[in-house]
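Undergrad: Next up is a structure, given as structure tokens.
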Amino acid sequence: MATPDQPAESPPVFICGRYRLALNRPLIMGIVNVTPDSFSGDGMLLSSGAKATQQAIAYAERLAHQGADLLDIGGESTRPGAAAISEQQEIDRIGPVLDSVLRLGLPISVDTRRPAVMRAVIAQGVDLINDVNGFRDPQAMDAVSQSGCGLCIMHMQGEPATMQAAPAYQDVVAEVEAFLLAQRQQLIDRGVLRERILIDPGFGFGKTLHHNLQLMQAISRFSNHQPVLVGVSRKSMIGVLTGESRASERVSGSVAAA
Numbered sequence: 002m003a004t005p006d007q008p009a010e011s012p013p014v015f016i017c018g019r020y021r022l023a024l025n026r027p028l029i030m031g032i033v034n035v036t037p038d039s040f041s042g043d044g045m046l047l048s049s050g051a052k053a054t055q056q057a058i059a060y061a062e063r064l065a066h067q068g069a070d071l072l073d074i075g076g077e078s079t080r081p082g083a084a085a086i087s088e089q090q091e092i093d094r095i096g097p098v099l100d101s102v103l104r105l106g107l108p109i110s111v112d113t114r115r116p117a118v119m120r121a122v123i124a125q126g127v128d129l130i131n132d133v134n135g136f137r138d139p140q141a142m143d144a145v146s147q148s149g150c151g152l153c154i155m156h157m158q159g160e161p162a163t164m165q166a167a168p169a170y171q172d173v174v175a176e177v178e179a180f181l182l183a184q185r186q187q188l189i190d191r192g193v194l195r196e197r198i199l200i201d202p203g204f205g206f207g208k209t210l211h212h213n214l215q216l217m218q219a220i221s222r223f224s225n226h227q228p229v230l231v232g233v234s235r236k237s238m239i240g241v242l243t244g245e246s247r248a249s250e251r252v253s254g255s256v257a258a259a
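Heads up, the sequence shown is in the numbering used here, so the first residue is 2 and it goes up one at a time.
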């Protein structure tokens, strides 16, 4: 406890675009999947055109009202076995939603691995780029390094279409840690402040249940390096651990994991 002559230290801060987020408690990220094929069945493009956009905006507003600290908008499904879409399709899905949710008064993230999409949403004013590819594409690093956005580096072994075929590691914690730190250093070398960087071990992205559990047990090890984004909500690992086969029934297990 601080004494009168020794004031308490300020909590660490994450610089996230328009916002500086104090990291004195866990923050909750609400997910808005502007896709027809989300693994959790919550994609917003079951309708089409303006109706789908309005559904996604209404859902984002509901998440904000329910207490989400930031929102993540995704226009491409990266579930296991997912097929790729074009850059323009992704931009067309995200753009109209982003125009509205940027006015909600909380940080807005976009989940994308494409440099062209990154540039487009940065131009719209997004606060955080969440790259499941971990900025392995040098053009992605070029797109984001001078943007002022927060940046989330995620680890993924392989590609979404095949990543769960036969994931294998000698030491999953050490290998994921080494990748995340190497990518962090590349961003820092390009002028990115450490306070702009999050890391994500990538639960379910080229990992077995055993790998996921090892990573979960090592969260404190990762958080010694950078703030950690933990994305486990309704994933198959929660289903296996709870016996719930339907993603919609995994909410309680997801909360427990968080």
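By construction, the Cβ of each residue, glycine as well, lies at the ideal position given by its N, Cα and C atoms.
Source: prediction; values computed, not measured.
My output table needs one value for glycine 96: the three-state DSSP class, helix, strand or coil.
TA: Within the sequence shown, residue 96 is the residue found at index 95, counting from 1. Residue state, collapsed to three classes: helix.
Undergrad: Over what stretch of residues does the alpha helix (DSSP H) that includes alanine 175 continue unbroken?
TA: For the purposes of this step, residue 175 is taken as the residue at position 174 of the sequence shown. 173 to 190 is the extent of the alpha helix (DSSP H) around alanine 175.
Undergrad: Do the region 51 to 63 and the region 87 to 102 meet, that is, are 3 or more Cβ pairs less than 8 Å apart?
TA: Yes, since at least three Cβ pairs between the region 51 to 63 and the region 87 to 102 fall closer than 8 Å, the two stretches touch.
Undergrad: With a Cβ-Cβ cutoff of 8 Å, do isoleucine 198 and glutamine 171 count as a contact?
TA: For this step, residue 198 is matched to residue 197 along the sequence shown. For this step, residue 171 is matched to residue 170 along the sequence shown. Taking 8 Å as the Cβ cut-off, isoleucine 198 and glutamine 171 do not qualify as a contacting pair.
Undergrad: Between serine 41 and valine 35, what straight-line distance do the alpha-carbon atoms span, to the nearest angstrom?
TA: By one-based count along the sequence shown, residue 41 stands at place 40. By one-based count along the sequence shown, residue 35 stands at place 34. Below a pLDDT of 50, predicted positions are generally treated as unreliable, and serine 41, at 45, falls in that range; the measurement from the model is reported next regardless. In a straight line, the C-alpha of serine 41 is about 12 Å away from that of valine 35.
Undergrad: Tell me which residues share the same chain as valine 173 and place their Cβ nearer than 6 Å to its Cβ, disregarding the 5 neighbours each side in the sequence.
TA: Against the sequence shown, residue 173 aligns to sequence position 172. If we look at valine 173 and ignore the five residues flanking it on each side, its Cβ neighbours are His212, Gln215.
Undergrad: In angstroms, rounded to a whole number, what distance separates the CA positions of glutamine 55 and valine 145?
TA: Within the sequence shown, the letter at position 54 stands for residue 55. Within the sequence shown, the letter at position 144 stands for residue 145. Going by the C-alpha atoms only, they are around 28 Å apart.
Undergrad: Could you check where the alpha helix (DSSP H) with proline 214 kicks off and where it finishes?
TA: Position 213 of the sequence shown holds residue 214. It should be pointed out that residue 214 corresponds to leucine in this sequence rather than to proline. It spans 210 to 218 - the alpha helix (DSSP H) in which leucine 214 sits, taken as one unbroken run.
Undergrad: What separation, rounded to the nearest whole angstrom, lies between the Cα atoms of methionine 1 and leucine 107?
TA: Residue 1 falls outside the range modelled here, since the chain spans only 2 to 259, and no answer is possible.
Undergrad: Leaving out five residues before and five after leucine 28 in sequence, what residues of the same chain have Cβ atoms less than 7 Å from its Cβ?
TA: As a working mapping, residue 28 is identified with position 27 in the sequence shown. Here the set comprises Leu22, Asp70, Leu71.
Undergrad: Can you tell me where the alpha helix (DSSP H) holding valine 118 begins and where it ends?
TA: For the purposes of this step, residue 118 is identified with residue 117 of the sequence shown, where counting begins at 1. 116 to 125 is the extent of the alpha helix (DSSP H) around valine 118.
Undergrad: Which stretch, first to last residue, makes up the beta strand (DSSP E) that contains valine 33?
TA: Your numbering for residue 33 matches position 32 in the sequence shown. That run of the beta strand (DSSP E) goes 30 to 34.
Undergrad: Taking the alpha carbon of asparagine 225 as the point to measure from, which residue in Phe204, Gly96, Gly232, Arg195 has its own alpha carbon closest?
TA: Here the question's residue 225 lines up with position 224 in the sequence shown. The shortest Cα separation from asparagine 225 among Phe204, Gly96, Gly232, Arg195 belongs to Arg195.
Undergrad: Using the Cα positions of aspartate 132 and cysteine 17, report the straight-line distance between them to the nearest angstrom.
TA: One-based indexing of the sequence shown puts residue 132 at position 131. One-based indexing of the sequence shown puts residue 17 at position 16. Cα to Cα, the separation comes out at about 15 Å.
Undergrad: Mind checking arginine 26: buried by the 16 CB within 10 Å criterion, or exposed?
TA: Numbered from its first residue, the sequence shown carries residue 26 at position 25. Arginine 26 should be labelled exposed.
Undergrad: On the three-pair Cβ rule with 8 Å, is the region 181 to 194 touching the region 149 to 161?
TA: Judged by Cβ distances under 8 Å, the region 181 to 194 makes contact with the region 149 to 161, as three or more pairs qualify.
Undergrad: Give me the residue from Gly203, Gly192, Ala162, Ala166 with the minimum Cα distance to valine 177.
TA: Looking up residue 177 in the sequence shown gives position 176. Of the candidates Gly203, Gly192, Ala162, Ala166, the one whose C-alpha sits nearest the C-alpha of valine 177 is Gly203.
Undergrad: Please identify the residue among Lys208, Asn134, Gln140 whose C-alpha is closest to the C-alpha of alanine 117.
TA: Along the sequence shown, read from residue 1 onward, the residue named residue 117 stands at position 116. For alanine 117, the nearest C-alpha among the options comes from Gln140.
Undergrad: DSSP beta-bridge partners for phenylalanine 15?
TA: Against the sequence shown, residue 15 aligns to sequence position 14. Answer by DSSP bridge pairing, in chain order: Leu22.
Undergrad: Less than 8 Å between C-beta atoms, sequence neighbours within five positions excluded: which residues of the same chain meet that for phenylalanine 180?
TA: By 1-based counting over the sequence shown, the position of residue 180 is 179. Taken in chain order, the residues that qualify are Gly135, His156.
Undergrad: Taking the straight line between their C-alpha atoms, what separation do you get for leucine 47 and valine 33?
TA: Taking the first residue of the sequence shown as 1, we reach residue 47 at position 46. Taking the first residue of the sequence shown as 1, we reach residue 33 at position 32. No answer about leucine 47 holds up, because its pLDDT of 49 lies below 50 and its placement is not dependable.
Undergrad: Indicate the three-state DSSP secondary structure (helix, strand or coil) for methionine 155 in the structure shown.
TA: Within the sequence shown, the letter at position 154 stands for residue 155. Note: methionine 155 maps to strand in three-state DSSP.
Undergrad: Checking 8 Å against the spacing of the C-beta atoms, do aspartate 112 and arginine 19 come in under that value?
TA: By one-based count along the sequence shown, residue 112 stands at place 111. By one-based count along the sequence shown, residue 19 stands at place 18. No, the Cβ-Cβ distance between aspartate 112 and arginine 19 is not below 8 Å.
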